[in-house]
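One structure is given here, and the rest of the page talks about it.
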Amino acid sequence: MTVPRPYTLVAELTYRCPLRCPYCSNPIDLQLRKGEMSTEQWCRVFSEAAELGVVQLHLSGGEPAVRKDLPALIRHARQCDLYTNLITGGTLLSEDDLREFRDCGLDHIQLSIQDTNRDTAELIAGIRSYDKKLEVARLIKKLGFPLTLNVVVHRYNIGHIPELIALGAELGAQRLELANSQYYSWALENRNFLLPTQAQRDEAASIAREARERYRGTMEIVFVQVDYLTSEPKPCMGGWARTYMLITPTGEVLPCHAAHIIPNLHFDSVQQQSLTTIWRESPALNAFRGDAWMQEPCRSCPKKATDFGGCRCQAFLLTGDPAATDPVCHLSPHHNVVVDAIAAAEQNDDAPLVYRDQKNSERLLSRL
Amino acid sequence: MPELPPDFRPRLAAKARLRWDAVEKKHMLVFPEAALVLNDSAAAILKLCDGERLVEQIVDTLSEQFTGADRSVIAQEVTVLLSHLQTRGLLESKSL
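Shown next, in the form of structure tokens:
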């Protein structure tokens, strides 16, 4: 099998974060007692990634701004000619920080906001943060950065799509990501709380589609689907370990945010091997490359080259078999688990909210 | 295809960066979440998008550089590329 060229690296510099969002893509095991990689280790990884062909670098977390070496990491990434994007919640940033990032060559900032309604926004973030985030958004634009506003969409803000679009336009965002929550990790724990109804999703998708035309050329609007409600599997990550890699705070190389949950896959660490060796030879990254692993109905499906059978992590979480057809697909023999999950969420409109924090991390881990 | 404004003096939007890609051995336009591999003529066009030159002047300069090519063919190629990039929000102009 020819090894594909990776284009994107998500560097999860830390899992520390002042926010407690219940849809966080970080693992339930926040590994807060394990050491994060050093500045030197990350810099070596960025150099190797650029040599492998990576173009896009996302400095992510947790909240990457908790790391004091962020300016040094940005500077090195730009020396490697990586298009460097900071993915941040914004609450820890000052104008001086942003000015320093700009001087280091940061290309772009992606800022998360939770809602246009202060109360819901702060209920979801789990801390006071609404005013600070808007202030930081304005500072980002004042300093001339291109801005992506990212909103994770769920049952309690999906009705505010018009207001979110208006806010994006008012702030001068170049890009607005209306990213419906994907149900892994913390979001899966909170699925009954977060999952919108079919009617909510259909209305939101229609508003977003109309706005995408209206703002074409000024603000790009991306509506990331709720795959549970489309019955069509997403082409997850553009295929397993095909163009995208993610490195955890301790250096494990994953094909996505969630793959560590799949049993019997050992993800190698850049603390032990070079990124080049891992990308080419890691058995875990090779496990679902190509289509030889596919079962029916994927194996004979004409869409297998475009949807890649959906998501391996979701297949494992919902069927117990990571090589199964993503049960979101209406052709999956396990599609009923998704239908049941939609019904359960509709019936549980008072489901509890499980915040992403250390206390809940320990509680959920002790249950396993 | 949308018309380009007559006083359009294109330059790359702040979110876009032109870089040399050592793997493809071609120029590449990178911007959030995506990249476009450029052929040689697209790269030559974009290098002239400095926010000062009018589209006509870009075509003039290219006609001087590529003396074998027909001016109307060059003009067509410039218009198609710039219109496409503009609809993707990848260009700015002092006139906008």
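Residue numbers (the numbering used here), protein chains in the order written: chain A, 1 to 368; chain B, 369 to 464. Idealized CB from N, CA, C, for every residue including glycine. These numbers were taken from a predicted model, which means no experiment stands behind them.
TODO: Just list the beta strand (DSSP E) runs in the segment 370-437 of chain B, keeping only unbroken ones of 3 residues or longer that don't cross its boundaries, in chain order.
DONE: If only complete runs of 3 or more residues are kept, the segment 370-437 of chain B shows the beta strand (DSSP E) at 378-380, 385-389, 394-399 and 402-405, in order along the chain.
Task: Distance, residue 47(A) Cα to residue 259(A) Cα - done: Taking the first sequence and counting its residues from 1, the one referred to as residue 259(A) is at position 259. Taking the first sequence and counting its residues from 1, the one referred to as residue 47(A) is at position 47. In a straight line, the C-alpha of residue 259(A) is about 24 angstroms away from that of residue 47(A).
Open item on the list: Less than 8 angstroms between the C-beta atoms of residue 65(A) and residue 92(A), yes or no?
Closed with: By 1-based counting over the first sequence, the position of residue 65(A) is 65. By 1-based counting over the first sequence, the position of residue 92(A) is 92. The Cβ atoms of residue 65(A) and residue 92(A) lie closer than 8 angstroms to each other.
Open item on the list: Once DSSP output is grouped into helix, strand and coil, what is the label at residue 83(A)?
Closed with: Along the first sequence, read from residue 1 onward, the residue named residue 83(A) stands at position 83. If DSSP states are grouped into helix, strand and coil, residue 83(A) belongs with the strands.
Task: Opening and closing residue of the beta strand (DSSP E) in which residue 10(A) lies - done: Taking the first sequence and counting its residues from 1, the one referred to as residue 10(A) is at position 10. Element bounds for residue 10(A): 8-12.
TODO: Any chance you could list the beta strand (DSSP E) runs of at least 3 consecutive residues sitting entirely within the segment 175-249 of chain A, in chain order?
DONE: 175-180, 220-224 and 244-247
Open item on the list: So that I know if they touch, is there some Cβ in chain B lying closer than 8 angstroms to that of residue 136(A)?
Closed with: Numbered from its first residue, the first sequence carries residue 136(A) at position 136. Taking Cβ atoms only, chain B never reaches closer than 8 angstroms to residue 136(A), which makes this a no.
TODO: For the alpha helix (DSSP H) holding residue 109(A), just list the boundary residues, first then last.
DONE: The sequence position of residue 109(A) within the first sequence is 109, counting from 1. From DSSP, residue 109(A) is part of no alpha helix (DSSP H) but of the beta strand (DSSP E) over 108-112.
Task: residue 190(A) classed as buried or exposed, judged by whether at least 16 other C-beta atoms fall within 10 angstroms - done: Along the first sequence, read from residue 1 onward, the residue named residue 190(A) stands at position 190. Per the 10 Å Cβ criterion, buried.
Task: chain A contacts made by the segment 376-403 of chain B, where a contact means CB separation under 9 angstroms - done: 381, 382, 383, 384, 385, 387, 388, 389, 390, 391, 392, 396, 398, 399, 400, 401, 402 and 403
Open item on the list: Strictly below 9 angstroms CB to CB, what residues from chain B border residue 146(A)?
Closed with: For the purposes of this step, residue 146(A) is identified with residue 146 of the first sequence, where counting begins at 1. Ordered by position in chain B, the residues that pass the 9 angstroms Cβ test against residue 146(A) are 381, 382, 383, 384, 399 and 400.
Open item on the list: Run through the DSSP bridge pairs and tell me what residue 337(A) is partnered with.
Closed with: Counting from one through the first sequence, the residue named residue 337(A) turns up at place 337. According to DSSP, which records beta bridges pairwise, residue 337(A) is partnered with nothing at all.
Task: Buried versus exposed, by CB contacts within 10 Å (16 or more), residue 108(A) - done: Along the first sequence, one-based indexing puts residue 108(A) at 108. By the neighbour-count rule (16 or more Cβ atoms within 10 Å), residue 108(A) is buried.
TODO: Could you tell me whether any Cβ in chain A is nearer than 8 angstroms to the Cβ of residue 455(B)?
DONE: Counted from its first residue, the second sequence places residue 455(B) at position 87. Closer than 8 angstroms: yes.
Task: Distance between residue 300(A) and residue 293(A) (C-alpha atoms, nearest Å) - done: Counted from its first residue, the first sequence places residue 293(A) at position 293. Counted from its first residue, the first sequence places residue 300(A) at position 300. If you take the alpha carbons of residue 293(A) and residue 300(A), they lie about 12 angstroms apart.
Task: Contacts of residue 108(A) in chain B (Cβ-Cβ under 7 angstroms) - done: Position 108 of the first sequence, counting from 1, holds the residue named residue 108(A). Ordered by position in chain B, the residues that pass the 7 angstroms Cβ test against residue 108(A) are 383 and 400.
Task: Boundaries of the alpha helix (DSSP H) in which residue 319(A) is found, first to last residue - done: Here residue 319(A) is taken as the residue at index 319 of the first sequence, counted from 1. From DSSP, the alpha helix (DSSP H) with residue 319(A) extends over 312-319.
TODO: Report all residues from its chain with a CB closer than 6 angstroms to the CB of residue 195(A); omit the five preceding and five following residues, and keep chain order.
DONE: Numbered from 1 along the first sequence, position 195 holds the residue referred to as residue 195(A). Once the five neighbours on either side are set aside, the close Cβ partners of residue 195(A) are 345.
Task: Stretch pair the segment 53-62 of chain A + the segment 121-134 of chain A: three plus CB contacts closer than 8 angstroms - done: no
Task: residue 117(A) - partner residues in DSSP beta bridges - done: Taking the first sequence and counting its residues from 1, the one referred to as residue 117(A) is at position 117. According to DSSP, residue 117(A) bridges with nothing at all.
Task: C-alpha gap between residue 18(A) and residue 427(B), whole angstroms - done: By one-based count along the first sequence, residue 18(A) stands at place 18. By one-based count along the second sequence, residue 427(B) stands at place 59. Rounded to whole angstroms, residue 18(A) to residue 427(B) spans 53 angstroms at the Cα level.
- [ ] With 9 angstroms as the limit, tell me which residues of the segment 294-316 of chain A have their beta carbon closer than that to any beta carbon of chain B; keep them in chain order.
- [x] none
Task: Which listed residue (226(A), 312(A) and 213(A)) has its alpha carbon closest to that of residue 256(A) - done: Residue numbering aside, residue 256(A) sits at position 256 when the first sequence is read from its first letter. Comparing Cα-Cα distances from residue 256(A) to each of 226(A), 312(A) and 213(A), the minimum goes to 312(A).
Task: Within chain B, the residues that residue 53(A) reaches when beta carbons sit closer than 9 angstroms - done: Against the first sequence, residue 53(A) aligns to sequence position 53. Result: 389, 390, 391 and 392.
Task: residue 56(A): first and last residue of the uninterrupted alpha helix (DSSP H) it sits in - done: In the first sequence, counting from the first residue as 1, residue 56(A) sits at position 56. Taken as a continuous stretch (DSSP letters only), residue 56(A) belongs to no alpha helix (DSSP H), being part of the beta strand (DSSP E) at 56-60.
- [ ] Could you pull the start and end residues of the beta strand (DSSP E) that residue 449(B) belongs to?
- [x] Mapped onto the second sequence, residue 449(B) falls at position 81. Premise fails: residue 449(B) lies in the alpha helix (DSSP H), 439-455, not in any beta strand (DSSP E).
Open item on the list: According to DSSP, is residue 129(A) part of a helix, a strand, or is it coil?
Closed with: Residue numbering aside, residue 129(A) sits at position 129 when the first sequence is read from its first letter. Coil.
Open item on the list: Tell me the residue span of the beta strand (DSSP E) that contains residue 459(B).
Closed with: To locate residue 459(B), count along the second sequence from 1; it is residue 91. Segment 459-461, the beta strand (DSSP E) holding residue 459(B).
Task: Residue of 11(A), 307(A) and 180(A) minimising C-alpha distance to residue 23(A) - done: Counting from one through the first sequence, the residue named residue 23(A) turns up at place 23. Of the candidates 11(A), 307(A) and 180(A), the residue whose Cα lies closest to the Cα of residue 23(A) is 180(A).
Open item on the list: Closer than 9 angstroms between beta carbons: that is the criterion. Which residues of the segment 220-240 of chain A meet it against chain B?
Closed with: 220 and 222
- [ ] Let me know if residue 419(B) comes out buried or exposed under the rule of 16 or more other beta-carbons within 10 Å of its beta-carbon.
- [x] Looking up residue 419(B) in the second sequence gives position 51. It is exposed - the Cβ of residue 419(B) has fewer than 16 other Cβ atoms within 10 Å.
TODO: Using 10 angstroms around the beta-carbon of residue 8(A), count the other beta-carbons present and answer buried if the total reaches 16, otherwise exposed.
DONE: Mapped onto the first sequence, residue 8(A) falls at position 8. Buried is the call here.
Open item on the list: Can you tell me where the beta strand (DSSP E) holding residue 149(A) begins and where it ends?
Closed with: As a position in the first sequence, residue 149(A) is number 149, starting the count at 1. Run containing residue 149(A): 147-153, per the beta strand (DSSP E) assignment.
Open item on the list: Using C-beta distances below 6 angstroms, list every residue in its chain close to residue 145(A), excluding the 5 sequence neighbours before and after it, in chain order.
Closed with: Taking the first sequence and counting its residues from 1, one reaches residue 145(A) at position 145. Here the set comprises 109.
Task: Amino acids of chain B, ordered along the chain, whose beta-carbon sits closer than 7 angstroms to that of residue 180(A) - done: Taking the first residue of the first sequence as 1, we reach residue 180(A) at position 180. Here the premise fails: no neighbours, minimum Cβ distance about 17 angstroms.
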